[in-house]
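Q: Numbering (our numbering), first residue to last: 68 to 412.
Glycine is no exception: its CB is placed at the ideal position from the N, C-alpha and C atoms.
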């Protein structure tokens, strides 16, 4: 009986999630088609879309972790700081100590897991507010980044540079440049990593028992407890996975920029939250979809490109546009959830 109630609650949550996912996908395609119509044919080139993926692969990864934590009813605003710390530590190790790329990846994963373990324990088992815990984590990560190194520099490690410059060509989707030469479209390694994480996270949340537990805990932790779900362990696991993804995000970000700097990943945590909300993840928990988060990142990036292409290159125009878009999706979420509640009553 309890199992039937649990499955019914999860099915209802997934139904809400799919509705918000549909809205997100439709909005993204409307925006992209609008960009093609009003901003010129540059958006018709496949490489334009692939460049969005190349630039936002780290954000896709961190937003996946953010969505997972938000689904359980929490939040993690340390992901940007962790990304910057990972980038700086890997850069210093490779450039100053002539390190190995594989070891630098282990450093990135270790830093991410360390933050996930500590923050998850404080949130889940000591029941400290996740905002306060991760705010402290953000300050700590930014401070440690400055301690590791204070000035920006490009990494010249030959092994790393070769990996950074690796491009995966996509035959048949290229275009002619201004010189009339055909150039194949390409994506960076980080895009492959990001897409794999999206698929794995989607499958976990959709079909695994831990995935259903995340939704149940975010929807109503008391009910989840009565259904036999270990609420504390579920919350701890969400922060642990988010920390791990922040470490992977930092390494992918490092592969994209190829340098270490204190200012790296500035504002990434806010963009991750915004992408999750645009993708249909509710701040109240219990509702969210990783595919929606993926399209949320694409939507956020597309609107920024549209604003820039329109000649409004000042930073405040981008901020105003993103704020308006975020408010729009919050209103849509509220309307959708209110209508469903009335339908149930």
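May I have the straight-line CA-CA distance separating residue 166 from residue 339, to the nearest angstrom?
A: Computed Cα separation, rounded: 31 Å.
Q: I need the straight-line Cα distance from residue 276 to residue 256, nearest angstrom please.
A: Those two C-alpha atoms are separated by around 31 Å.
Q: Determine the direct distance from the alpha carbon of residue 233 to that of residue 199, and round the result to whole angstroms.
A: Each residue's alpha carbon lies about 40 Å from the other.
Q: Checking 8 Å against the spacing of the C-beta atoms, do residue 323 and residue 113 come in under that value?
A: Not closer than 8 Å, so no.
Q: For the putative contact between residue 308 and residue 177, defined by C-beta atoms under 8 Å, what is the C-beta separation to the nearest angstrom?
A: Not really, about 15 Å apart at Cβ, beyond 8 Å.
Q: Given this structure, state the Cα-to-Cα distance separating residue 96 from residue 120, to the nearest angstrom.
A: Looking at the two C-alpha atoms, the distance is approximately 15 Å.
Q: Could you check what DSSP says for residue 282 in three-state terms: helix, strand or coil?
A: Correct three-state label for residue 282: helix.
Q: Specify the secondary structure class of residue 326 as computed by DSSP and reduced to three states.
A: Strand at residue 326.
Q: Is residue 238 buried or exposed, if buried means 16 or more other CB atoms sit within 10 Å of its CB?
A: Classification of residue 238: exposed, given that the 10 Å Cβ count is below 16.
Q: What number of angstroms, rounded off, separates the C-alpha of residue 130 from the C-alpha of residue 316?
A: Approximately 10 Å between the Cα atoms of the pair.
Q: Classify residue 254: buried if its beta carbon has 16 or more other beta carbons within 10 angstroms, exposed otherwise.
A: Per the 10 Å Cβ criterion, buried.
Q: Tell me whether residue 156 is buried or exposed, calling it buried when 16 or more other Cβ atoms sit within 10 Å of its Cβ.
A: Classification of residue 156: buried, given that the 10 Å Cβ count is 16 or more.
Q: Can you find at least 3 beta carbon pairs, one from the region 265-282 and one from the region 298-312, that sit closer than 8 Å?
A: Short answer: they touch.
Q: To the nearest angstrom, how far is it from the Cα of residue 330 to the Cα of residue 151?
A: Rounded to whole angstroms, residue 330 to residue 151 spans 7 Å at the Cα level.
Q: Apply the 10 Å Cβ neighbour rule to residue 387 and answer buried if 16 or more other Cβ atoms are within range, or exposed otherwise.
A: Exposed, because fewer than 16 other Cβ atoms sit within 10 Å of the Cβ of residue 387.
Q: Relative to the C-alpha of residue 273, which residue among 145, 357 and 92 is closest?
A: Answer by Cα proximity: 357.
Q: Nearest CA to the CA of residue 210: which residue from 145, 390, 220 and 169?
A: Selected option, being the one with the closest Cα: 145.
Q: Are there any heavy atoms of the ligand HEM lying less than 7 Å away from the beta-carbon of residue 389, as far as the coordinates show?
A: In the structure shown, the ligand HEM is absent, as is every other ligand, since no ligand is present at all.
Q: Is residue 314 closer than 8 Å to residue 231 when the C-beta atoms are compared?
A: Result no, Cβ atoms of residue 231 and residue 314 do not sit closer than 8 Å.
Q: Is residue 233 close to chain B? Criterion is C-beta to C-beta, closer than 8 Å.
A: Any reference to chain B falls outside this structure, which holds one protein chain only.
Q: In angstroms with no decimal places, state the Cα-to-Cα distance between residue 111 and residue 163.
A: In a straight line, the C-alpha of residue 111 is about 43 Å away from that of residue 163.
Q: Contact defined as beta carbons within less than 8 Å: I believe residue 175 pairs with residue 318. What is the distance between those atoms, to the nearest angstrom?
A: That belief holds up - the Cβ atoms of residue 175 and residue 318 are roughly 4 Å apart, short of 8 Å.
Q: Mapping the DSSP letters down to three states, classify residue 373 as helix, strand or coil.
A: Of the three classes helix, strand and coil, the one that applies to residue 373 here is helix, per DSSP.
Q: Are the CB atoms of residue 346 and residue 334 nearer to each other than 8 Å?
A: It is not a contact, given that the beta carbons lie outside the stated cut-off.
Q: In terms of residues, what are the limits of the alpha helix (DSSP H) holding residue 248?
A: Looking at the DSSP string, residue 248 is not in any alpha helix (DSSP H), and its letter there is neither H nor E.
Q: With 16 other CB atoms within 10 Å as the buried threshold, where does residue 192 fall?
A: Residue 192 comes out exposed.
Q: For residue 102 and residue 134, I'd like the C-alpha separation in whole angstroms.
A: Approximately 27 Å, taken between the alpha carbons.
Q: What residue range does the alpha helix (DSSP H) around residue 349 cover?
A: From DSSP, residue 349 is part of no alpha helix (DSSP H); its letter is neither H nor E.
Q: In the DSSP assignment, what are the bridge partners of residue 255?
A: Residue 255 pairs with 234.
Q: Straight-line CA distance for residue 285 to residue 352?
A: Taking the straight line joining both Cα atoms gives about 4 Å.
Q: For the alpha helix (DSSP H) that contains residue 162, what are its first and last residues?
A: Its alpha helix (DSSP H) spans residues 146-163.
Q: Whole angstroms is fine: what's the gap from residue 190's alpha carbon to residue 360's?
A: About 24 Å.
Q: Where residue 92 and residue 214 are concerned, what is the direct C-alpha to C-alpha distance, given to the nearest angstrom?
A: Taking the straight line joining both Cα atoms gives about 42 Å.
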